[in-house]
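Below: the structure, in structure tokens.
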Amino acid sequence: LTEDVNLAGEQLEEISFGATFDGKGYAITGLKGQLFNVLTGTIKNVALFDCIRLYNEGIIAYQTGEGNLIENVFISMTDAGKQYSGVFRQINVDVNFKNVIIVAKTNRDNLDHGYVSGISFPNRKIINDNCYFIVENEDFLPVGLRSGSSFVENETDSKAMLSGNYKQYNTVDEFKLDTQKTLSSELTNLYNKYSLDSEAIAISSVEDFEKIPANSAKEYYLTTDIDFELATSPLSTVNFAGTLDGRGYA
14 LTEDVNLAGE QLEEISFGAT FDGKGYAITG LKGQLFNVLT GTIKNVALFD
64 CIRLYNEGII AYQTGEGNLI ENVFISMTDA GKQYSGVFRQ INVDVNFKNV
114 IIVAKTNRDN LDHGYVSGIS FPNRKIINDN CYFIVENEDF LPVGLRSGSS
164 FVENETDSKA MLSGNYKQYN TVDEFKLDTQ KTLSSELTNL YNKYSLDSEA
214 IAISSVEDFE KIPANSAKEY YLTTDIDFEL ATSPLSTVNF AGTLDGRGYA
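Note that this note's numbering gives residue 208 to position 195 of the sequence shown, counting from 1, and the numbers run on in steps of one.
Next up, the structure:
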């Protein structure tokens, strides 16, 4: 990448990927669905945030292939649809994570989805090297369960897939307190630049600005450049007590 890319909910044409994708410290936002089909290459130095998990799709790829590596990557994702996947839809071979942060939110209590993958063949591993998983719902497993199938079927086996050096947290505050001096510089830069540590509100248009109430103390962030010349009427003048993070936009 040479700059941040806002996909604004666009779904990409699915291709298999076996090369190296270097985000150079930039972000892909607003991804709906997945980047690739089968991942046999490397994804590194990129933030993927405000990603929407869809039915039968992952965020990075549908499934893992030999040689996959996710390195220095920050992923933030929420739900959409009825049956969800995680970073991947399906784990065919071991997953390799190095310096990865995943922030996963879900309102679902059932166990048919996971923050790393929706499903996995048995006896596969999620191999972690300095990784952090922030999962607010304790019932949100690494890998979703499928009873009566050839995939992982119970909670014990799902949790046992996590191996190597990793930590899991229930809140962002726990994560921040515990990792102040342990994150790699690359991961620290990505997290500090793109993380949403609270219920921050996206601003993507002049109309969104007009909806900010007087004396608001909430956090807001830009998802794109805003051209106020497009406003149909002057903006109302209100006091503002919150935080507006431009995320590098204008």
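Just so you know, even glycine gets a beta-carbon here, dropped at the ideal spot from N, CA and C. Remember, it's a predicted structure, so these values are computed and weren't measured experimentally.
- In the three-state DSSP reduction, asparagine 252 falls in the coil class, being neither helix nor strand.
- Exposed is the label assigned to glutamine 24, since fewer than 16 other Cβ atoms lie within 10 Å of its Cβ.
- In this structure, the beta-carbon distance from lysine 37 to leucine 20 does not fall below 7 Å.
- Three or more Cβ pairs closer than 8 Å define a contact, and the region 72-83 falls short of that threshold against the region 215-233.
- Pairwise C-beta distances place the region 184-201 out of contact with the region 159-170, as fewer than three of them are shorter than 8 Å.
- Partner residues in the beta bridge of lysine 180, as assigned by DSSP, are Tyr145.
- With a cutoff of 7 Å on beta-carbon distance, alanine 40 and glycine 54 are scored as not near each other.
- DSSP places serine 133 in the uninterrupted beta strand (DSSP E) bounded by 127-133.
- Distance from the CA atom of asparagine 202 to the CA atom of serine 208, rounded to whole angstroms, is 10 Å.
- Counting C-beta pairs closer than 8 Å gives three or more between the region 147-154 and the region 170-184, which meets the contact rule.
- In chain order, Thr77 and Ile139 place their CB closer than 6 Å to the CB of valine 108, counting only its own chain and leaving out the 5 sequence neighbours on each side.
- In the three-state scheme derived from DSSP, where H, G and I count as helix and E and B as strand, serine 163 is classed as coil.
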